[in-house]
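Everything on this sheet refers to the single structure shown next.
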Amino acid sequence: MDNEAFSIGIEEEYLLVDPKTRALYARPPQEFMAKCQNLLGPKVVLEFLQSQVEIGTNVCGTIAEAREDLGHLRETVAQCAKDFGMRMIAASTHPWAHWSEQEPVDMERYRILGAEHRTLARRMAICGMHVHAGINDKNLRVDLMSQVTYFMPHLLALSTSSPFWEGHDTGLKSFRPIIIGDLPRSGFPEVFDSWSDWTEMLDDLAATGMVTDPSKIWWDIRPSGKHPTLEIRICDICTHIEDGLTIAALYQSILAYLFHLRRSNERRRTYRRILLAENKWRAMRYGVEAEMADFGKRKLLAFADLTDELVEILRPFAEDLGCIKEVEHAKTIARRGTSSDEQLRIFQAALAGGASEHDAQVAVVDWLIEESARTSE
């Protein structure tokens, strides 16, 4: 198996908060980003809102390389935020921030996005994690996209970190996909027969003037418009760095497994989008506490059991890739819970202790600040 075919790059988006009020820092000083870029170069960039910052690792051949790079990036951004009187949190939503109070970044790309999508764009006070996998063969890229989509709800369930929205417990473990889902060209991808099938669709969109930039196709998984990669976009940002590395390791191992099937003239069956969307909804609503469908067995199974089965399927490929520890960690997440589960536990415990809802959410932010900067076990 060629490990280089599935090199990994991880992008993470963080929120900046005021350590006194724990509210989002709507207008960080310009010097903050200047210092980040001086230390990290093009690995750190602005996001749509000023209260956000995005990082991206190098192209990493192994998860071990990604661990080192991602840890350095998190530590550096967290320290720079501290230097300017802020704190960094890795969570897909802030417990009580209102999108209308956030300031967009003054860049042409974001001005165009705001003009085209109006309130839908302004509501993007959310953060995610994107994982790129290097796949040089273009036809292989779209073929694997059709098959790996089946596993997207599983990865979402393991990453949930957005239970709150604008001061409310939403009842969902991941509210972020609700906001993303309001954008056009979001959700699960189309199924393509070949790379030319994909490019013909892009040509149709461009020729009509409807979509001239492939990066404005906001699917849960898509071929990158800039790099020879297949990019997953469905996941929340993981507060625990170990959980994020597990997502990347699972993705890399799933691709290696599917490639192995292909070389044996086999492939995973593709399923109707309505079926996959039901599993995604269950991941959003219940996270690791969900029962999700095994469509091959035509039955609902506890997510922890599905995770155990997936880990065993992936074991030989994860061992070959050198990421079995990270893949095994999925079992821990499935039983311990995700960031969302811990945020809700902290919130409920504070309420039970007599705290107001706001003070209980402050306790959540305090935990997020501490855990987001922790880059080793």
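The sequence shown begins at 1105 in our numbering and counts up by one. Here a beta-carbon is modelled for each residue, glycine too, at the ideal position from N, C-alpha and C. All values reported here derive from a predicted model rather than from experimental measurement.
Secondary structure of GLY1145, DSSP reduced to three states:
helix
Just verifying my parser: in three-state terms, what is the DSSP assignment at ALA1397?
strand
Quick check on the DSSP output: the beta strand (DSSP E) that includes GLN1356 runs from which residue to which? Counting along the chain, GLN1356 falls outside any beta strand (DSSP E), though it belongs to the alpha helix (DSSP H) covering 1345 to 1367.
query: Based on the DSSP secondary-structure assignment, which residues constitute the bridge partners of THR1333?
result: GLY1238
* **VAL1121 (DSSP reduced to helix, strand or coil)** => strand
Inter-residue Cα distance where the pair is GLU1135 and ILE1378 | Between GLU1135 and ILE1378, the C-alpha separation is close to 47 Å.
| query | Quick one: what's LYS1403 bridged to in DSSP? | reply | Note: LYS1403 is bridge-paired with ASP1398 in the DSSP secondary-structure output.
- How would you call MET1256, buried or exposed, if buried means at least 16 neighbouring beta carbons within 10 angstroms? Label assigned to MET1256: buried.
Exercise. Rounded to a whole number of angstroms, what is the C-alpha to C-alpha distance between MET1137 and ARG1376?
Worked result: 44 Å
| message | For GLU1370, report the span of its beta strand (DSSP E) as first-last. | response | Looking at the DSSP string, GLU1370 is not in any beta strand (DSSP E), and its letter there is neither H nor E.
Just the C-alpha distance for TRP1385 and SER1278, rounded to the nearest angstrom, thanks.
9 Å
In terms of alpha-carbon separation, which member of GLN1356, GLU1423, MET1190 lies closest to VAL1157? Looking only at GLN1356, GLU1423, MET1190, the smallest Cα-Cα distance to VAL1157 is reached by MET1190.
- Task: Compare the C-alpha of ILE1345 against each of PHE1188, VAL1468, ALA1434, ALA1130 and name the closest.
- Result: It is ALA1434 whose Cα lies nearest to the Cα of ILE1345.
Inset, instruction - Find out if the Cβ-Cβ distance for the pair ILE1112, HIS1236 is shorter than 8 Å. - result: yes
task: Assuming GLY1160 contacts GLU1115 (C-beta within less than 8 Å), just tell me the rounded distance between them.
output: 4 Å
- request: Tell me, please, which residues DSSP counts as bridged to GLN1156.
  value: Answer is LEU1119, bridged to GLN1156.
Range of the contiguous alpha helix (DSSP H) that encloses LEU1440: Note that residue 1440 is Arg in the sequence shown here, rather than Leu. Run containing ARG1440: 1428 to 1440, per the alpha helix (DSSP H) assignment.
Where the beta strand (DSSP E) through ILE1282 begins and ends
Here ILE1282 belongs to no beta strand (DSSP E); instead the alpha helix (DSSP H) covers 1280 to 1284.
- Which residue comes first and which comes last in the beta strand (DSSP E) that contains ILE1193? 1191 to 1193
I'd like the list of long-range same chain contacts for ILE1428, defined as Cβ closer than 7 Å, with 5 residues on each side in sequence excluded.
ARG1419, ALA1422
GLY1348 to MET1396 span [Cα, whole Å] | GLY1348 and MET1396 have their C-alpha atoms spaced approximately 21 Å apart.
| request: State the DSSP-derived secondary structure class of GLY1113, mapped to helix, strand or coil. | output: DSSP places GLY1113 in the strand class (E or B) of the three-state scheme.
- Query: For MET1305, which residues of its own chain have a beta-carbon under 8 Å away from its beta-carbon, when the five flanking residues on both sides are left out?
  - Reply: Hits under 8 Å: GLU1294, PHE1296.
Exercise. Is SER1250 near THR1374, with beta carbons less than 8 Å apart?
Worked result: yes
Original post:
Which word fits GLU1108, buried or exposed, when buried means at least 16 other C-beta atoms lie within 10 angstroms of its C-beta?
Top reply: Since pLDDT at GLU1108 reaches only 44, below the 50 mark, its modelled position is unreliable, and the value read off the structure follows with that caveat. GLU1108 is exposed by the Cβ-count criterion.
field: Contact test: SER1298 Cβ vs the ligand FMN heavy atom, cutoff 7 Å
entry: This structure lacks the ligand FMN, and indeed carries no ligand of any kind.
For this session: Provide the residue span of the alpha helix (DSSP H) that contains ILE1378, from first to last.
Result: 1377 to 1390
query = Looking at the unbroken alpha helix (DSSP H) that takes in PRO1327, where does it start and where does it end?
reply = From DSSP, PRO1327 is part of no alpha helix (DSSP H) but of the beta strand (DSSP E) over 1325 to 1327.
Straight-line gap, ILE1437 to VAL1392 (C-alpha atoms, nearest Å): Spanning the two alpha carbons is a distance of roughly 8 Å.
>> Considering Cα atoms alone, identify which of GLU1413, ASP1412, ALA1394 is closest to LEU1404.
In response: ALA1394
Within 10 angstroms of its Cβ, does GLY1238 collect 16 or more other Cβ (buried), or is it exposed? GLY1238 comes out buried.
| Got a sec, what are the start and stop residues for the alpha helix (DSSP H) MET1256 sits in? | 1256 to 1263
**OP:** Starting from LEU1128, follow its DSSP beta bridges and name the residues at the other end.
**Re:** VAL1121
#### Entry: At least 3 beta-carbon pairs within less than 8 Å: the region 1180 to 1198 vs the region 1449 to 1464
The answer is no - the region 1449 to 1464 does not touch the region 1180 to 1198, with fewer than three Cβ pairs under 8 Å.
_Looking only at its chain, what residues have a beta carbon closer than 6 Å to the beta carbon of THR1479, apart from the 5 residues adjacent to it on each side?_
GLY1175, ARG1178, GLU1179, ILE1345
Near VAL1209, what residues of its chain come up, given a Cβ to Cβ distance below 6 Å and the 5 sequence neighbours on each side ignored? LEU1150, GLN1154
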